[in-house]
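Here the protein sequences line up with chains R and W, keeping their order. All the letters of the first sequence, read from the start, carry residue numbers 198 to 309 under the working numbering. All the letters of the second sequence, read from the start, carry residue numbers 91 to 205 under the working numbering. Read through the structure below, which is laid out as structure tokens, and then see the notes.
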Amino acid sequence: QKEVEQNSGPLSVPEGAIASLNCTYSDRVSQSFFWYRQYSGKSPELIMSIYSNGDKEDGRFTAQLNKASQYVSLLIRDSQPSDSATYLCAVLSMDSNYQLIWGAGTKLIIKP
Amino acid sequence: GAVVSQHPSWVICKSGTSVKIECRSLDFQATTMFWYRQFPKQSLMLMATSNEGSKATYEQGVEKDKFLINHASLTLSTLTVTSAHPEDSSFYICSARYSVLYEQYFGPGTRLTVT
Numbered sequence: 198q199k200e201v202e203q204n205s206g207p208l209s210v211p212e213g214a215i216a217s218l219n220c221t222y223s224d225r226v227s228q229s230f231f232w233y234r235q236y237s238g239k240s241p242e243l244i245m246s247i248y249s250n251g252d253k254e255d256g257r258f259t260a261q262l263n264k265a266s267q268y269v270s271l272l273i274r275d276s277q278p279s280d281s282a283t284y285l286c287a288v289l290s291m292d293s294n295y296q297l298i299w300g301a302g303t304k305l306i307i308k309p
Numbered sequence: 091g092a093v094v095s096q097h098p099s100w101v102i103c104k105s106g107t108s109v110k111i112e113c114r115s116l117d118f119q120a121t122t123m124f125w126y127r128q129f130p131k132q133s134l135m136l137m138a139t140s141n142e143g144s145k146a147t148y149e150q151g152v153e154k155d156k157f158l159i160n161h162a163s164l165t166l167s168t169l170t171v172t173s174a175h176p177e178d179s180s181f182y183i184c185s186a187r188y189s190v191l192y193e194q195y196f197g198p199g200t201r202l203t204v205t
């Protein structure tokens with residue numbers, strides 16, 4: 198059973214600070230990793246994808262991947278109240294149909 | 091780019107009736123689309139994977155005769171909930187695979203309430 202694990206939170210971070218979200222996965226052959234943001238009552242929105250070891254930066258967001266440790270993280274710099282949402286980690290399964298295996302999500306709360 | 095639309099955004103129907111939900115990729119062709127269901131405060135649950143021109147692949151426990159999926163073109167997939175019951179009330183979300191990088195983009199979702 199392929200799994201993706203996230204701390205459910207809530208993770209509370211002061212406005213302006215760095216929010217750090219973590220995700221571990223069980224399938225060693227996975228090559229593609231995604232972070233989605235989901236606001237309450239809305240559908241998920243893709244915010245970052247990462248395919249190689251190391252860091253990938255996009256604006257205030259940085260995704261970090263360590264395949265040896267089977268670990269993916271998302272850093273949000275200068276956190277804003279609008280960043281308050283549930284963040285979902287997804288890992289591409291290399292099985293048929295190439296489905297995403299989803300973590301349960303981490304609820305992030307940015308306190309003004 | 092990579093916009094997915096879904097219609098209707100919400101629907102209320104009576105028990106025993108059928109409801110059709112449309113999912114369209116507006117600016118790209120999607121050979122594969124996915125249908126998810128999400129209950130309040132719960133995780134996304136994949137219902138089925140839909141490939142253009144072929145039968146959908148349903149996840150274990152999802153009744154294929156109740157949730158009919160058609161993916162007739164590279165930009166349109168439909169989900170029909172047949173003989174809906176109150177327990178089918180949920181948030182139904184489609185997604186479309188955008189590229190060889192396997193990114194999935196989601197539609198805005200359809201909130202179904204069965205009375």
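No residue lacks a Cβ here, since even glycine has one placed at the ideal position from N, Cα and C.
Assumed close pair residue i, residue j - CB separation to whole angstroms, cut-off 8 Å
i	j	result
residue 105(W)	residue 176(W)	6 Å
residue 134(W)	residue 246(R)	At roughly 17 Å, the Cβ-Cβ gap does not stay under 8 Å, so residue 134(W) and residue 246(R) are not in contact.
residue 202(R)	residue 221(R)	5 Å
residue 234(R)	residue 282(R)	5 Å
residue 205(W)	residue 111(W)	Incorrect: roughly 17 Å between the Cβ atoms, too far for contact.
residue 171(W)	residue 108(W)	6 Å
residue 164(W)	residue 119(W)	4 Å
residue 289(R)	residue 229(R)	4 Å
residue 291(R)	residue 227(R)	7 Å
One or two residues paired with residue i in a DSSP bridge
i	result
residue 123(W)	140(W) and 186(W)
residue 221(R)	202(R) and 268(R)
residue 211(R)	308(R)
residue 192(W)	Residue 192(W) is not bridged to any residue.
residue 262(R)	251(R) and 269(R)
residue 110(W)	170(W)
residue 180(W)	202(W)
residue 160(W)	168(W)
residue 97(W)	112(W)
residue 282(R)	305(R)
Close Cβ partners of residue i (< 6 Å) along its chain, the five nearest in sequence each way excluded
i	result
residue 200(R)	223
residue 146(W)	138, 140 and 159
residue 129(W)	180
Cβ-based neighbour list, residue i, same chain, cut-off 8 Å, excluding 5 preceding and 5 following
i	result
residue 205(R)	301, 302, 303 and 304
residue 309(R)	212 and 278
Neighbourhood of residue i by C-beta distance below 7 Å, restricted to the same chain and skipping five residues each side
i	result
residue 255(R)	245
residue 271(R)	218, 232, 245, 258, 260 and 284
residue 95(W)	114, 116 and 197
residue 136(W)	124, 126 and 149
residue 275(R)	213 and 257
residue 209(R)	306 and 308
Legend entry - Stretch pair the segment 118-126 of chain W + the segment 186-194 of chain W: three plus CB contacts closer than 8 Å: yes
Inset, instruction - Mind checking the segment 290-302 of chain R against chain W and listing, in chain order, the residues whose C-beta falls within less than 7 Å of any C-beta there? - result: 294, 295, 296, 297, 299, 301 and 302
Legend entry - Residues from the segment 240-255 of chain R in contact with chain W, defined by Cβ distance under 9 Å: 240, 241, 242, 243, 246 and 248
Legend entry - Selection of the segment 215-232 of chain R by Cβ proximity to chain W, strictly under 8 Å: Going along the segment 215-232 of chain R in chain order, one finds 229 and 231 with a Cβ nearer than 8 Å to chain W.
Legend entry - Interface positions of the segment 147-165 of chain W facing chain R (Cβ-Cβ less than 8 Å), listed along the chain: Of all residues in the segment 147-165 of chain W, the ones placed with a Cβ closer than 8 Å to any Cβ belonging to chain R are 147, in chain order.
Legend entry - Interfacial residues, the segment 176-203 of chain W to chain R, with Cβ spacing under 7 Å: 183, 191, 192, 193, 194, 195, 196, 197, 198 and 199
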